[in-house]
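Engineer: Protein chains in written order, with the working numbering: chain A, 1 to 258; chain B, 259 to 599; chain C, 600 to 957.
#1: Hey, is residue 293/B's beta-carbon within less than 9 Å of any beta-carbon in chain C?
#2: Could you give the C-beta distance for residue 213/A and residue 190/A, rounded to a whole number, given that I count them as a contact under 8 Å?
#3: Do the CB positions of residue 487/B and residue 523/B come within less than 9 Å of each other?
#4: Does DSSP put residue 522/B in a helix, a strand or coil?
#5: Rounded to a whole number of angstroms, what is the C-alpha to C-alpha distance between residue 945/C and residue 894/C?
#6: Anything in chain B within Cβ reach of residue 681/C, meaning under 9 Å, just list it in chain order.
#7: Less than 9 Å separating the beta-carbons of residue 948/C and residue 896/C?
#8: For residue 823/C and residue 876/C, I'd like the C-alpha separation in whole angstroms.
#9: What residues from chain A crowd round residue 561/C, counting only those whose CB sits closer than 8 Å?
#10: Which residues in chain A have a C-beta closer than 8 Å to the C-beta of residue 910/C? List them in chain order.
#11: Return the CA-CA distance between residue 696/C and residue 810/C, expressed in angstroms with no decimal places.
#12: According to DSSP, is residue 887/C helix, strand or coil?
#13: To which residues does DSSP link residue 64/A through a beta bridge?
#14: Pull up the distance between the alpha-carbon of residue 558/B and that of residue 547/B, whole angstroms please.
#15: Give me, in chain order, the residues of the same chain whose beta-carbon lies closer than 7 Å to that of residue 17/A; leave out the 5 immediate sequence neighbours on both sides.
#16: Cα separation between residue 372/B and residue 521/B?
#17: Say whether chain A places a C-beta atom closer than 9 Å to the C-beta of residue 837/C.
#18: Taking 9 Å as the CB-CB cut-off, is residue 332/B touching chain C?
#19: With DSSP as the reference, label residue 776/C as helix, strand or coil.
#20: So which residues of chain C does residue 382/B contact, with C-beta pairs closer than 8 Å?
#21: What's the gap between the Cα of residue 880/C and the Cα of residue 812/C?
#22: Between residue 641/C and residue 674/C, is the Cβ-Cβ spacing less than 9 Å?
#23: What residue does the alpha helix (DSSP H) around residue 40/A start on, and which one ends it?
#24: Can you list, in chain order, the residues of its chain with a C-beta nearer than 8 Å to that of residue 359/B? Leave out the 5 residues immediately preceding and following it.
#25: Which same chain residues, not among the five before or five after residue 551/B, have their C-beta less than 6 Å away from its C-beta?
#26: By the 8 Å beta-carbon criterion, what residues does the stretch 84–108 of chain A contribute toward chain C?
#27: Using DSSP with H/G/I as helix, E/B as strand and the rest coil, what is residue 488/B?
#28: How is residue 475/B classed by DSSP in three states: helix, strand or coil?
#29: CB-CB under 6 Å to residue 298/B, same chain, minus the five flanking residues each way: which ones, in chain order?
#30: Using DSSP bridges, identify the partner residues of residue 387/B.
#31: Do residue 171/A and residue 53/A count as a contact pair if the criterion is CB distance below 9 Å?
#32: Return no unless some Cβ of chain C is closer than 9 Å to the Cβ of residue 296/B.
#33: Look at the Cβ atom of residue 206/A, then the Cβ atom of residue 216/A, and state whether they are nearer than 9 Å.
#34: Since residue 646/C meets chain B, which of its residues come closer than 7 Å, beta carbon to beta carbon?
#35: Tell me which same chain residues have a C-beta within less than 7 Å of the C-beta of residue 186/A, skipping the five on either side of it?
#36: At which residues does the beta strand (DSSP E) containing residue 340/B begin and terminate?
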């Protein structure tokens with residue numbers, strides 16, 4: 001979906017160092033994401049996963065190193081264009097006023113719609129499409145604030161999907177979902193990635209989901225990338241013991257519908 | 259937030275506070291109506307001197323009101339609106355009462371005034387009603403008695419408004435002359451003021467030699483719940499009246515405040531408490547004597563608590579000499595006051 | 600998906616649902632109400648003016664047409680110089696306060712925000728108090744020192760709150776709100792001191808604080824209108840940013856909104872409108888807080904609908920309340936507004952069991 005020179009990464013971080021007031025959170029990380037990839041970012045609490053995401057999406061300015069989006073430095077990309085290129089699923093936020101689900105999802109079109117005239121038919125179609133894709137059509141007119149956490153999570157994913165950006169970034173999207181919905185979301189990501197060619201980058205805490213649904217898993221520990229590749233390698237028993245400090249039992253299980 | 263921002267914020271607040279406090283001390287000295295009114299109507303006073311009507315026409319005339327505003331009157335006003343009880347009384351005394359078309363709801367004297375339609379209350383003026391009457395002169399009260407924006411609105415609509423405010427007894431006399439010029443009754447004004455002056459001078463003279471002057475506390479008001487006491491302010495009209503009536507006036511200590519703390523009043527120790535009685539405030543001497551902490555006053559212990567008609571004494575109008583008499587009689591009951599002229 | 604047990608779907612809501620599905624109807628009704636209040640406001644007052652005379656004055660002053668009805672100069676002054684500017688000013692201020700209230704509620708993500716939440720009320724009051732105490736008489740284009748300093752005071756305290764409160768960015772919106780409260784308290788204390796010391800001038804400060812439209816005039820209207828209408832229009836043009844920020848700063852940023860810039864611009868515009876309104880008519884409450892909520896209950900929270908309809912509804916409400924105040928006998932307009940508006944608001948709150956609750 002993006003015009004990129006063959007082989008060129010859509011998102012590339014080089015020697016990325018990120019920190020807050022005195023603390024270094026990411027230390028000289030290199031990460032390159034090719035268009036159409038689907039990768040999971042895992043690591044223990046405090047490893048720096050969210051900070052890495054923030055840097056990649058242009059929210060946090062790095063101390064050193066560079067982040068290129070489609071060959072352009074991320075901080076040089078104009079905001080609206082950035083929003084049309086990378087869609088980040090919003091954190092669960094409490095809305096101060098009642099708002100129907102379809103209007104919340106419609107906010108995903110903000111980077112596209114002309115500021116004065118509002119939603120055009122294409123925008124409305126994108127919103128409808130996102131709602132259907134996520135499977136929340138039944139919730140369209142419900143007040144966001146009455147939904148369960150899981151339902152809200154789905155709505156926020158729909159917002160990002162409505163943004164119709166070639167890159168989709170998610171930070172722990174399954175925290176409030178039951179296992180059935182976790183699987184649904186994972187399958188949705190796979191679908192978006194394989195059918196639409198959307199590049200998907202997801203921070204996950206559930207290693208099983210990461211291993212099963214993502215062909216590439218990047219492991220972050222103490223601000224450093226300690227593993228980057230197929231889950232069989234990066235999430236091997238020794239690796240998990242090393243990074244997470246637990247003794248895993250690795251079992252191959254069929255998850256979800258075949 | 260950086261410490262620089264914090265410092266800037268504090269600096270701004272200090273400037274604000276300083277401005278307020280600085281303004282308070284300088285602002286108190288001059289209010290819009292502090293300047294003594296000047297009546298600029300030579301033809302009027304000429305008429306007063308000679309018994310025959312002056313050949314120079316009284317109108318058009320420009321008067322300067324108590325706020326210093328020049329008000330032009332093209333012709334003798336035939337429809338007057340009076341917005342304070344005092345000015346209503348003055349206008350009736352000047353013989354212009356039949357030309358008054360409306361007053362405020364506080365205008366209760368003389369009797370004819372009560373029947374006149376009301377266009378203003380204590381706090382507001384119904385500008386629409388005033389305009390509907392098409393008056394050619396509106397007399398308003400200064401120092402915010404009549405809301406400033408109503409005065410502005412009326413002037414915008416080209417209605418002459420004369421603002422009256424008398425901070426002293428002499429000021430009342432000047433106001434009477436001012437209204438006399440404005441209404442073409444300067445002759446009456448002159449005779450009224452000279453009579454008033456003579457009367458009040460006589461009363462004052464009768465008690466001037468008496469000594470020692472009792473310490474007089476004119477009770478302006480009292481709040482039963484908080485115990486707050488209201489007294490005449492320094493250099494105020496009321497303080498002047500008490501002094502003229504032969505008393506040593508106890509005042510609040512500040513030209514801007516009417517409140518006096520109980521300790522201060524105990525320190526001053528009034529020998530006579532004069533109760534200014536009016537429809538809004540009429541305590542009995544017994545009730546006053548029972549007030550918390552008031553038994554410390556000589557006046558309470560000797561029972562020297564006398565009610566007087568507050569309106570006569572404080573209304574800056576033609577009944578002032580009556581008020582002065584009442585006050586003098588209360589302070590010096592044994593002195594025979596000269597009979598009114 | 601499992602349906603929540605507590606709410607029904609909007610489709611089942613009857614009249615309420617019908618209204619919510621048709622924001623245009625609500626808008627039209629608001630405009631009609633506005634026109635009706637304009638007509639009533641000009642035609643009614645403490646002095647009886649026959650409708651024919653009222654129409655004659657308007658036609659003659661606006662279009663130069665003489666319809667043969669005799670009008671006295673007094674009637675003309677009442678209709679054209681007293682009532683019409685007052686009604687229009689009431690509409691202008693109602694519009695400005697409602698738009699400002701909507702904006703503050705959206706920016707601060709707080710349904711209890713009103714136009715005065717960032718200290719503008721106390722700032723204006725202190726400015727007015729300083730003006731009353733200063734021994735200077737100054738009148739510029741019909742605005743006295745009182746109005747000028749009230750305006751400056753409102754803006755200055757809003758600026759102070761932004762600087763100290765961190766613009767809601769890194770410090771968080773709670774910090775901004777609390778700073779507004781703190782600055783407001785300090786200014787209120789300063790004001791109380793000023794009122795205590797002022798003695799006789801107390802009346803002027805007090806009557807300013809009560810809020811009223813008695814000082815309305817054409818010139819003031821013409822000076823204030825660009826400020827208030829301009830701010831309102833500019834805010835409406837940024838309505839979508841306001842919506843985006845409902846999801847939080849991070850989400851709004853990811854949606855392409857320059858949050859700190861938009862927040863700064865919107866706060867400045869809303870403060871400008873509030874300051875202008877306060878400078879003319881003192882502190883009028885209720886409109887800025889309640890009108891946006893009523894409108895949201897009717898058309899949902901999307902700013903591009905709430906802003907224009909609140910503007911119209913606010914204008915209609917304030918001019919209707921002012922008319923009521925004038926007819927009853929110059930009661931403070933805030934009192935009438937609360938008496939009119941609060942029951943209606945409670946009624947709406949009660950009715951909206953489903954769909955757009957508060």
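For every residue, glycine included, the Cβ atom is placed at its ideal position computed from N, Cα and C.
Fair warning: this is a prediction, and the values are worked out from it, not measured in the lab.
Structural biologist: Taking the geometry as given:
#1: Position 35 of the second chain, counted from the first residue, corresponds to residue 293/B. Only weak support is given to the placement of residue 293/B: the predicted model assigns it a pLDDT of 36, under 50, and the value that follows is read from those uncertain coordinates. It does not; no Cβ of chain C falls within 9 Å.
#2: As a working note, residue 213/A is residue 213 in the first chain. As a working note, residue 190/A is residue 190 in the first chain. Yes, they are in contact, since the Cβ atoms of residue 213/A and residue 190/A sit about 6 Å apart, within 8 Å.
#3: The residue given as residue 487/B occupies position 229 in the second chain. The residue given as residue 523/B occupies position 265 in the second chain. Closer than 9 Å, so yes.
#4: Walking along the second chain from the start, residue 522/B turns up at place 264. Assignment of residue 522/B by DSSP, reduced to helix, strand and coil, places it in the helix class.
#5: Residue 945/C sits at position 346 when you count from the first residue of the third chain. Residue 894/C sits at position 295 when you count from the first residue of the third chain. Taking the straight line from one Cα to the other gives about 13 Å.
#6: As a position in the third chain, residue 681/C is number 82, starting the count at 1. Within chain B, the residues near residue 681/C are 385, 386, 389, 411, 415.
#7: Along the third chain, read from residue 1 onward, the residue named residue 948/C stands at position 349. Along the third chain, read from residue 1 onward, the residue named residue 896/C stands at position 297. Residue 948/C places its beta carbon less than 9 Å from that of residue 896/C.
#8: In the third chain, counting from the first residue as 1, residue 823/C sits at position 224. In the third chain, counting from the first residue as 1, residue 876/C sits at position 277. Their Cα atoms are separated by approximately 8 Å.
#9: Summary: the structure shown does not reach residue 561/C, with chain C confined to residues 600 through 957, and so no result is reported for it.
#10: Reading the third chain from its first residue, position 311 is the one you call residue 910/C. Going along chain A, no residue has its Cβ under 8 Å from residue 910/C, so there is no contact; the nearest lies around 16 Å.
#11: Sequence index remark: in the third chain, residue 696/C carries index 97 (1-based). Sequence index remark: in the third chain, residue 810/C carries index 211 (1-based). Using only the alpha carbons, I get a separation of about 13 Å.
#12: To locate residue 887/C, count along the third chain from 1; it is residue 288. Note: residue 887/C maps to helix in three-state DSSP.
#13: Here residue 64/A refers to the residue found at position 64 of the first chain. Beta-bridge pairing links residue 64/A to 17/A.
#14: As a first step, residue 558/B must be located in the second chain, where it is residue number 300. As a first step, residue 547/B must be located in the second chain, where it is residue number 289. The alpha-carbon of residue 558/B is positioned some 6 Å away from that of residue 547/B.
#15: Here residue 17/A corresponds to residue number 17 of the first chain, with the count starting at 1. For residue 17/A, the CB contacts under 7 Å within the same chain, skipping 5 residues up- and downstream, are 24, 26, 27, 28, 62, 63, 64, 65 in chain order.
#16: In the second chain, the residue the question calls residue 372/B occupies position 114. In the second chain, the residue the question calls residue 521/B occupies position 263. About 42 Å.
#17: Locating residue 837/C in the third chain gives position 238, where the first residue counts as 1. Taking 9 Å as the threshold, the shortest C-beta distance from residue 837/C to chain A falls below it.
#18: Residue numbering aside, residue 332/B sits at position 74 when the second chain is read from its first letter. At a cut-off of 9 Å between C-beta atoms, residue 332/B does not count as an interface residue with respect to chain C.
#19: In the third chain, counting from the first residue as 1, residue 776/C sits at position 177. In the structure shown, the three-state DSSP call for residue 776/C is helix.
#20: On the second chain, residue 382/B is found 124 positions in, with the first residue counted as 1. Within 8 Å Cβ-Cβ: 813, 929.
#21: As a working note, residue 880/C is residue 281 in the third chain. As a working note, residue 812/C is residue 213 in the third chain. Answer to the nearest angstrom: the Cα atoms are 5 Å apart.
#22: The residue you call residue 641/C lines up with position 42 of the third chain. The residue you call residue 674/C lines up with position 75 of the third chain. No.
#23: To locate residue 40/A, count along the first chain from 1; it is residue 40. DSSP places residue 40/A in no alpha helix (DSSP H) but in the uninterrupted beta strand (DSSP E) bounded by 38–42.
#24: For this step, residue 359/B is matched to residue 101 along the second chain. Counting only Cβ-Cβ distances below 8 Å, and skipping sequence neighbours, we find 337, 338, 339, 374, 375, 391, 393.
#25: Translated into the one-based positions of the second chain, residue 551/B becomes position 293. Within the same chain, and ignoring the five residues on either side of residue 551/B in sequence, the residues whose Cβ sits closer than 6 Å to its Cβ are 520.
#26: So the list reads 84, 86, 87, 88, 90, 91, 93, 95, 96, 97, 98, 99, 100, 103, 104, 107, 108, given in the order they occur along the chain.
#27: Working through the second chain from its first residue, we reach residue 488/B at position 230. Residue 488/B: strand per DSSP, three-state reduction.
#28: In the second chain, counting from the first residue as 1, residue 475/B sits at position 217. Three-state DSSP puts residue 475/B in a strand.
#29: Working through the second chain from its first residue, we reach residue 298/B at position 40. Only weak support exists for where residue 298/B lies, its pLDDT of 38 falling under 50; the value from the coordinates is given anyway. Scanning its chain for C-beta atoms nearer than 6 Å, with the 5 sequence neighbours on each side dropped, one finds around residue 298/B the residues 322, in chain order.
#30: For the purposes of this step, residue 387/B is identified with residue 129 of the second chain, where counting begins at 1. Partner(s): none; residue 387/B has no beta bridge.
#31: For the purposes of this step, residue 53/A is taken as the residue at position 53 of the first chain. For the purposes of this step, residue 171/A is taken as the residue at position 171 of the first chain. A contact, by the Cβ cut-off of 9 Å.
#32: Reading the second chain from its first residue, position 38 is the one you call residue 296/B. Residue placement at residue 296/B is flagged as unreliable, the pLDDT there being 36, under the threshold of 50; the coordinate-derived value follows with that caveat. With respect to chain C, the C-beta atom of residue 296/B has no partner C-beta closer than 9 Å.
#33: Within the first chain, residue 206/A is the residue found at index 206, counting from 1. Within the first chain, residue 216/A is the residue found at index 216, counting from 1. With contacts defined as CB atoms closer than 9 Å, residue 206/A and residue 216/A fail to qualify as a contacting pair.
#34: Here residue 646/C corresponds to residue number 47 of the third chain, with the count starting at 1. In chain order: 386, 387, 390.
#35: The count along the first chain starts at 1 and reaches residue 186/A at position 186. Sequence-distant partners of residue 186/A (beyond 5 residues in either direction) whose C-beta falls short of 7 Å from its own C-beta, in its chain, are 209, 213.
#36: Your numbering for residue 340/B matches position 82 in the second chain. It spans 338–340 - the beta strand (DSSP E) in which residue 340/B sits, taken as one unbroken run.
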